[in-house]
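The structure appears right after this line, and notes come after that.
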Amino acid sequence: MSNAYSKDLERWMPRLIAVWRASRGRGGAGGPETRLTPQEVKEVAAGVRQLSLGLTRERQLAGARYMDDPKLLGAYLLFYWPVSYAQARQVLGELPSRPRQVLDLGSGPGPVAFAALDAGGGQVTAADRSKPALTLARNLAAEAGEALATRDWDPTKKGAALPEGQFDLITMGHVVNELYGAGDAAIAPRAALLETILAKVKRGGSLLVMEPALRETSRGLLQVRDAMVARGYAIRAPCMYRGPCPALVKETDWCHAERAWPMPRVVEELARAASLHKESLKMSYLVLAPKDEAWPELTPGRLFRIVSEPLEGKGRHRYIGCGPEGRVGLAMQERHRNERNERFLKLNRGDVISVTETEPKGDGLALDERTEVRMVAPAGKQVPPPPPKEDAPSGPGAGPRPGAPS
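Residue numbers for the sequence shown follow this note's numbering, beginning at 95 and rising by one.
Here it is in structure tokens:
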């Protein structure tokens, strides 16, 4: 994580506390602007526990108007807002270009919208059905001296119009999983909504969908991914495999991102008080391209994105990788370690690597002393395109990469 990202998040914490206190009629009373009093921690942690149960375990709050409840909105602002902001800053690093016009749908009090602003976005609009949440977003913008437009948008209303205009980037943070119920029946209407939204994305732009890293919500997003791919849409990130998602083959599998982050002290205090663990950022995400845009051309090499934590055994290092040829296990014995392959021993989930000289073994590939492992893109960074070549085919007419479905 860059210093700028950490410092940006640090700057937001006193703003969040100030806006929360003002919303409760407390002004600057209570304690230092960067800390919560013990009573405030206790009060907010109760709301955090309620949100956690309702959105991740029992799921009874999914789709409900919890942002209209002052207690739950305040808990979201001080705990989940910094988490969502940090998640968005990570994923925004994978975009192919800096967006100018940004629309954040289902924005709540704006964590993803402000993440887009801080990542270099120009004109940002936050749209939500909750008037109290949009009021907090406007108050945060005033506190930070930022320009943020807000619009009403309720996706649960049939025929709900999207805000006017075309956008370089449209974001949806933890929204899609709460729409159209649960299970397989929700996939088609979710995909149809994304298709409607993508019609408002400019050529070269992106639609970013972030979801919780739960098995249910992650697999739901992968099912939506497959529906969009079947409709002819390309995935900019994180997928390099162009066929049906191989993580859906086994019911026990799913795919999510995990990133280290500098947890703000307030978030740490609330997590401890609510008996939650937030040591790392976990989320599932997709970055989709508008219709008729090609899949990204990738830098040459045999590429894999690391999609698991280290799966270490006795004298062996192993990960699950997913790349243009699909989802495979990658393993190397410690005795084969040398300067060409030692990078393999220190990989993080989300890193993209290239490997040479592997051998099929079991359900995956074995690396040995002949293998060269090269870092292509650290987690949270764009996979670079290939170097330009004279007279090389490019664009939609170019043939698929070796190993990719045609």
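Glycine residues also receive a C-beta, built at the ideal position from the N, C-alpha and C atoms.
Name the residue from the options whose alpha carbon lies nearest to the alpha carbon of residue i.
i	options	result
Gly417	Ala328, Leu130, Leu292 and Cys339	Cys339
Arg192	Ser178, Ala220 and Gly216	Gly216
Gly267	Ala182, Tyr99 and Ala116	Ala182
Pro306	Lys296, Ala351, Lys483 and Arg396	Ala351
Ala321	Pro358, Leu370, Leu380 and Glu463	Leu380
Gly200	Pro226, Phe208, Asp248 and Tyr174	Asp248
Lys251	Leu273, Leu234 and Ala231	Leu273
Leu198	Trp348, Ile400 and Leu292	Reading off the sequence shown, one finds Asp at residue 198, where the question assumed Leu. Minimum Cα distance to Asp198 is reached at Leu292.
Trp46	Ser369, Gln317, Pro356 and Gly337	Because the chain is modelled from 95 through 500, residue 46 falls outside the range shown and cannot be assessed.
What first and last residue would you give for the alpha helix (DSSP H) that runs through residue i?
i	result
Ser501	In this structure the chain extends from 95 to 500, so residue 501 is not present and cannot be described.
Pro481	Per DSSP, Pro481 belongs to no alpha helix (DSSP H) and is neither H nor E.
Ala367	Arg359 to Ala367
Gln476	That residue, Gln476, is in no alpha helix (DSSP H); it is neither H nor E in DSSP.
Which stretch, first to last residue, makes up the beta strand (DSSP E) that contains residue i?
i	result
Phe398	Arg396 to Ile400
Ser448	Val446 to Val449
Val218	Gln217 to Asp222
Tyr174	Careful: Tyr174 lies outside any beta strand (DSSP E) and carries neither H nor E.
Thr250	Looking at the DSSP string, Thr250 is not in any beta strand (DSSP E), and its letter there is neither H nor E.
Can you give the Cα-Cα distance for residue i and residue j, rounded to whole angstroms?
i	j	result
His431	Asn442	In the sequence as presented, His is not what sits at residue 431; that position holds Arg. The alpha-carbon atoms of Arg431 and Asn442 are separated by roughly 18 Å.
Gly326	Leu287	15 Å
Ala255	Pro203	20 Å
Val422	Val477	19 Å
Gly420	Phe398	9 Å
Ala243	Val218	6 Å
Leu392	Pro190	12 Å
Arg159	Ser224	7 Å
Leu172	Gln133	14 Å
Ala276	Arg309	13 Å
Leu228	Ala221	8 Å
Pro482	Gly444	26 Å
Met161	Leu364	19 Å
Arg297	Ile264	12 Å
Pro80	Ala241	In the structure as shown, the chain begins at 95 and stops at 500. Residue 80 is therefore absent and cannot be evaluated.
Pro164	Val401	38 Å
In or out: residue i buried (at least 16 other Cβ within 10 Å) or exposed?
i	result
Pro472	exposed
Lys372	buried
Met469	exposed
Gly569	Not covered by the structure: residue 569. The range shown for the chain is 95 to 500.
Trp106	buried
Thr131	exposed
Leu186	buried
Pro358	buried
Glu188	buried
Glu387	buried
Gln279	It is Ala, not Gln, that sits at residue 279 in the sequence shown. Classification of Ala279: exposed, given that the 10 Å Cβ count is below 16.
Using only the heavy atoms of the ligand FMN, determine whether one of them is closer than 7 Å to the beta carbon of residue i.
i	result
Glu403	What this structure holds is no ligand at all, so the ligand FMN is not there to describe.
Ordered along the chain, which non-local residues of its own chain (more than five positions away) have a Cβ less than 6 Å from that of residue i?
i	result
Gly214	Arg192
Leu315	Glu305 and Ser378
Among the residues of its own chain, which have a CB less than 8 Å from the CB of residue i, if the five just before and after it don't count?
i	result
Arg194	Gly215, Gly216, Gln217 and Asp262
Glu237	Arg109, Ala112 and Val113
Ala123	Per-residue confidence for Ala123 stands at a pLDDT of 45, beneath the threshold of 50, marking its modelled position as unreliable; no derived number is given.
Asp457	Val422 and Gly423
Can you find a CB in chain B that lies within less than 8 Å of the CB of residue i?
i	result
Leu130	Within the model displayed, chain B is absent; a lone protein chain is all it includes.
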